[in-house]
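Below: one structure, written as structure tokens.
Chains as they are written, first to last, in the working numbering: chain W, 1 to 268; chain Z, 269 to 440.
Encoded structure:
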């Protein structure tokens, strides 16, 4: 009897291993079947997940705020510095705006139109070494499709990768598989931002000769599925390694991914 | 009655899956990394048997991968293997004691981290050794803490309660 049971367990394990290998292979080939199952599962769990998230959100926000208190002084000093710089640039910007508007009128070029958006709420968060994703409470029934950008009041959050009927999964810009075409606002140079396992965002393919400064603002480029000129973050570290033709640039995103609650999906 | 407890344990597992996604993932910013599902799978294997541990591990792992995973099937494989490994450890002579449970959770967590890293590496993902090292230290501690909450919940009402270190810990 014991032998039979042990034999049965080995058979069950063997079946499970074979099944897993088949599923991993099918998943790696990005088949439609797996995607359809993903969409159905995400939709099925959405109502309960939403309730759970609402229930636990005060606790998670409290835990996240502990980290903020620790860095409060440093943040305050940085903001003070930034504020004085912004004040200095403000008057200059007004003059430039007036000049820009009159030149646009002269050339007959319209101002860039605002894009339509769908408001959404975050109902799930998943982070591991290899991925960073959030789940939103909007889906295909609201007009959300794969590839759409997701933003909040601070800037770009990520891109929709799975759109279910009533919910969707968003890959954050610090996910190791995230690649987004960007521009450096000041120099207009093009590059690609990528996430990493340690959740740092790097700006790649910027030539070693190109001047890049700490604090430079990064925006989305016009080459890609996302609308242009969405704020992403600012350059936090620039290094040049020997023998590397490109600079190693780290980006500090404007968005705090741990705190996102309400977002906008850009409807293109 | 046994069937009732198995169904109940499955529901607990599903609730833990949702808890993992909506709550425990948010704690990772402090290098606090809990694997609630793994702890529940170990508990189910110990108190319901290896067959149910493997089966529930496969189902919940698959659901987790489908909901938020990058490679579907990897968690299902890992959790089923966890159940099998726990059974092997018990067969090898590990007794039902609180200290043994802690060691099992510690060992399974370490093996999990190494297996997942290896599979990811084989599938051409980058591996960050420093982060993995930190995980090898912090994750088992977090999971052992979870064990003290989860094991009494899963063990309550099952026949093997008598064998539990929790109930007769003074006599062991």
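For each residue, glycine too, the CB sits at the ideal point set by N, CA and C.
So for residue 344 of chain Z, helix, strand or coil by DSSP?
helix
Spatially closest choice to residue 143 of chain W from W:224, W:167, W:70, W:155, by CA coordinates
W:167
For a contact meaning CB atoms closer than 9 Å, what does residue 356 of chain Z contact in chain W?
In chain order: nothing, as chain W lies at least about 10 Å away.
Minimum length 4: unbroken alpha helix (DSSP H) runs contained in the stretch 269-309 of chain Z
270-290
In whole angstroms, what is the alpha-carbon distance linking residue 379 of chain Z and residue 405 of chain Z?
12 Å
Cβ closer than 8 Å: which chain W residues qualify as neighbours of residue 336 of chain Z?
124, 126, 131, 133, 135, 169
If you drop the 5 nearest sequence neighbours on each side, which residues of the same chain put their C-beta closer than 6 Å to that of residue 46 of chain W?
166, 167
Decide if residue 241 of chain W is buried, meaning its Cβ has at least 16 other Cβ atoms within 10 Å, or exposed.
exposed
Can you tell me the Cβ-Cβ gap for residue 150 of chain W and residue 139 of chain W, rounded? I've got them flagged as a contact below 8 Å.
The Cβ separation is near 13 Å, so there is no contact.
Secondary structure of residue 429 of chain Z, DSSP reduced to three states
Its pLDDT being 47, under 50, residue 429 of chain Z is placed unreliably in this model, and the value from its coordinates should be taken loosely. Helix at residue 429 of chain Z.
Would residue 203 of chain W and residue 251 of chain W qualify as a contact pair, given that the criterion is a beta-carbon distance under 8 Å?
yes
Please return the same chain residues whose Cβ sits closer than 8 Å to the Cβ of residue 408 of chain Z, not counting the five positions on each side in sequence.
373, 374, 377, 378
What residues in the stretch 359-389 of chain Z bring their beta carbon closer than 9 Å to a beta carbon of chain W?
359, 384, 385, 387, 388
I'd like to know whether the C-beta atoms of residue 198 of chain W and residue 399 of chain Z end up nearer to each other than 8 Å.
yes
7 Å Cβ cut-off: residues of chain Z touching residue 16 of chain W:
322, 326, 348
Roughly how many angstroms separate the alpha carbons of residue 350 of chain Z and residue 310 of chain Z, rounded to a whole number?
7 Å
At which residues does the beta strand (DSSP E) containing residue 250 of chain W begin and terminate?
248-253
Through-space distance from residue 194 of chain W to residue 175 of chain W, alpha-carbon basis
8 Å
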